[in-house]
Ligand code: SF4
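In the numbering used here, the protein residues as written are 1 to 554.
Okay, here's the thing in structure tokens:
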């Protein structure tokens with residue numbers, strides 16, 4: 001759950017610290033928008049982009065000004081919708097005002113918008129009616145929703161209700177509060193149906209669970225976050241429930257260092273909108289005061305934190321934990337400041353399989369980084385490309401070890417066919433497709449066949465396979481086996497293959513032996529075709545075997 005940030009285990013930082021996926025994405029979109037804005041045009045965010053003053057001050061310096069209403073934005077300017085999202089009407093109003101919108105609504109919040117917009121039932125939102133996310137969700141409902149903050153409000157909010165209810169939650173609501181509200185609604189009787197969508201964000205519930213566990217095992221808890229951030233405040237509440245000495249710290253100035261220093265084991269949890277720089281500063285300050293071997297442990301600590309800020313490079317193979325799975329993508333926590341996105345197109349799925357069939361939250365997965373600045377500022381991952389790398393390694397190994405591969409012929413091309421080995425496509429020239437002359441390669445399409453690797457040029461993505469080499473090796477093996485088993489005097493069944501003036505060649509299970517004309521019949525023959533025909537099955541006795549010359553007399 002958490003990792004020790006120092007050698008003596010005194011400060012334990014929750015694993016999910018720093019910006020959550022939605023906040024990271026929004027901040028990066030805002031920074032990019034401000035950086036690309038033409039000179040003289042303004043960039044605004046509708047309300048503070050995140051609930052953290054340090055972060056919004058930094059954004060202001062980068063050119064993103066906070067406004068509270070659309071009227072404050074001049075035509076031609078750009079307004080960023082924050083991760084909390086906003087009601088549907090805003091988009092029409094912005095269009096009418098000639099303002100460009102950059103939508104940084106967190107995809108998890110957007111999903112709630114779609115849910116409530118698609119139902120005709122009476123919507124209940126479990127959450128704080130004043131929280132901008134809840135206000136935004138309400139703005140997507142067909143009718144006025146019912147907003148319930150606590151179980152105690154339920155009876156009054158739904159007095160005389162007879163309609164079926166469609167219940168969603170604010171993403172940052174405490175799980176226990178949501179459950180209490182559901183229980184209270186169920187307790188109202190059976191006069192209406194209820195459809196429940198627990199839309200509490202995994203990032204939030206994970207942080208809360210980690211905070212609870214840490215608080216239970218530590219002597220002091222430090223919650224780093226802005227006092228206006230609802231998820232930070234909730235962490236503070238959870239911390240207090242399980243640990244008497246829980247401190248809510250907005251920045252280094254709030255840290256009650258003397259109090260914290262009295263404790264042996266200090267847990268650190270952070271809100272989803274707390275910048276890395278603030279976390280780093282607070283932890284470094286505590287470490288500085290607590291450690292005997294300051295220099296060494298500070299270095300270790302900084303390295304640990306820096307590691308979480310480093311971004312992987314394109315082409316790097318990374319390991320991460322599945323954070324969320326939806327229809328189109330898997331969001332992967334890579335332990336750095338950006339999350340990874342694994343789109344459905346970058347995963348090899350069998351027919352009918354969905355991403356949820358293959359990935360579950362908390363699974364550890366490996367993938368290859370294909371882009372470090374995806375359209376939404378995320379790190380784009382690919383499982384397919386990882387498989388391709390692994391497949392190339394297998395092909396190169398098969399070439400070196402002269403082992404066989406199974407391929408599937410997918411189509412004909414000029415001079416041969418294309419055959420796939422897993423995710424890699426290779427070429428089989430007509431001359432290497434069979435041990436006999438191939439006139440029409442079409443008949444091989446769709447066939448699965450064994451091949452040898454004839455050549456590999458991975459730099460140019462080229463592999464040449466040979467079915468002929470495979471067949472030749474198989475034949476050699478067969479012949480060796482027959483020679484091994486066969487003895488002079490054995491009687492075996494054979495097939496007449498071809499004639500000469502002096503006899504017939506008979507295939508005895510993979511090798512041809514010569515049945516001399518004098519050995520075909522007791523009577524005198526002018527030609528073997530007087531008594532034999534091509535393809536005829538006959539029993540023959542092995543008269544002699546010459547392994548050196550590879551000749552068998554029958
Ligand atoms: S807490 Fe969850 S829903 Fe909210 S912005 Fe972060 S990732 Fe999105």
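Backbone N, C-alpha and C define an ideal beta-carbon position, used for all residues, glycine too.
{"Item": "Environment of residue 426 [buried if 16+ CB atoms lie within 10 Å]", "Value": "buried"}
{"Item": "Through-space distance from residue 166 to residue 193, alpha-carbon basis", "Value": "9 Å"}
{"Item": "heavy atom of ligand 1 below 7 Å from residue 171 C-beta", "Value": "yes"}
{"Item": "Distance between residue 280 and residue 15 (C-alpha atoms, nearest Å)", "Value": "14 Å"}
{"Item": "C-beta contact flag for residue 471 and residue 379 at 8 Å", "Value": "no"}
{"Item": "Beta carbon of residue 366 nearer than 8 Å to that of residue 409", "Value": "no"}
{"Item": "Beta-carbon proximity list for residue 362, same chain, < 7 Å, skipping 5 on both sides", "Value": "321, 322"}
{"Item": "Cβ neighbour criterion (16 or more within 10 Å) applied to residue 548", "Value": "exposed"}
{"Item": "Nearest candidate by alpha-carbon position, reference residue 73, set 132, 94, 83, 82", "Value": "94"}
{"Item": "Span of the alpha helix (DSSP H), counted from its first residue to its last, around residue 232", "Value": "230-242"}
{"Item": "Presumed contact (8 Å Cβ cut-off) between residue 368 and residue 349, rounded CB distance", "Value": "About 17 Å; that fails the 8 Å criterion."}
{"Item": "Within 8 Å, strictly: CB atoms of residue 137 and residue 148", "Value": "no"}
{"Item": "Identity of the residues DSSP links to residue 165 by a beta bridge", "Value": "122, 194"}
{"Item": "Cβ-based burial, residue 156 [other Cβ within 10 Å; buried from 16]", "Value": "exposed"}
{"Item": "Beta-carbon contacts of residue 1 that lie in its chain and below 7 Å, excluding the five residues immediately before and after", "Value": "Residue placement at residue 1 cannot be trusted, given a pLDDT of 40 that sits under 50; the coordinates are not used to answer."}
{"Item": "Beta-carbon spacing of residue 238, residue 270 below 8 Å", "Value": "no"}
{"Item": "Buried versus exposed call for residue 208 [16 or more other C-beta atoms within 10 Å across all chains shown]", "Value": "buried"}
{"Item": "Beta strand (DSSP E) runs wholly inside the stretch 390-433, at least 3 long, in chain order", "Value": "405-413, 416-421, 424-429"}
{"Item": "Spatially closest choice to residue 463 from 422, 509, 24, 251, by CA coordinates", "Value": "422"}
{"Item": "Inter-residue Cα distance where the pair is residue 27 and residue 243", "Value": "32 Å"}
{"Item": "Alpha-carbon to alpha-carbon, residue 432 and residue 416", "Value": "9 Å"}
{"Item": "Contact set for residue 295: own chain, Cβ-Cβ below 7 Å, skip 5 residues either direction", "Value": "Low confidence applies to residue 295: its pLDDT is 39, below 50, so where it sits in the model is not reliable enough to give any reading."}
{"Item": "Residue 33, DSSP secondary structure in three states", "Value": "helix"}
{"Item": "When 178, 215, 187 are compared against residue 197, the one with the closest alpha-carbon", "Value": "178"}
{"Item": "C-alpha gap between residue 199 and residue 277, whole angstroms", "Value": "30 Å"}
{"Item": "Straight-line Cα distance separating residue 505 from residue 534", "Value": "10 Å"}
{"Item": "Selected residue, minimal CA-CA separation from residue 21, among 50, 41, 33, 32", "Value": "50"}
{"Item": "Close Cβ partners of residue 543 (< 8 Å) along its chain, the five nearest in sequence each way excluded", "Value": "488, 519, 553, 554"}
{"Item": "Cβ pair residue 103, residue 135 closer than 8 Å", "Value": "no"}
{"Item": "Distance cut-off 7 Å: residue 361 Cβ against heavy atoms of ligand 1", "Value": "no"}
{"Item": "Range covered by the beta strand (DSSP E) that runs through residue 343", "Value": "340-343"}
{"Item": "Closer than 8 Å to chain C by CB, residue 379", "Value": "Absence of chain C from the displayed structure is noted, only one protein chain being present."}
{"Item": "Residue 340 burial status per 10 Å Cβ neighbour count (16 or more: buried)", "Value": "buried"}
{"Item": "For residue 285, the three-state DSSP class (helix, strand or coil)", "Value": "helix"}
{"Item": "C-alpha distance - residue 492 paired with residue 430, whole-angstrom precision", "Value": "36 Å"}
{"Item": "Status (buried if at least 16 other CB within 10 Å, exposed otherwise) for residue 57", "Value": "exposed"}
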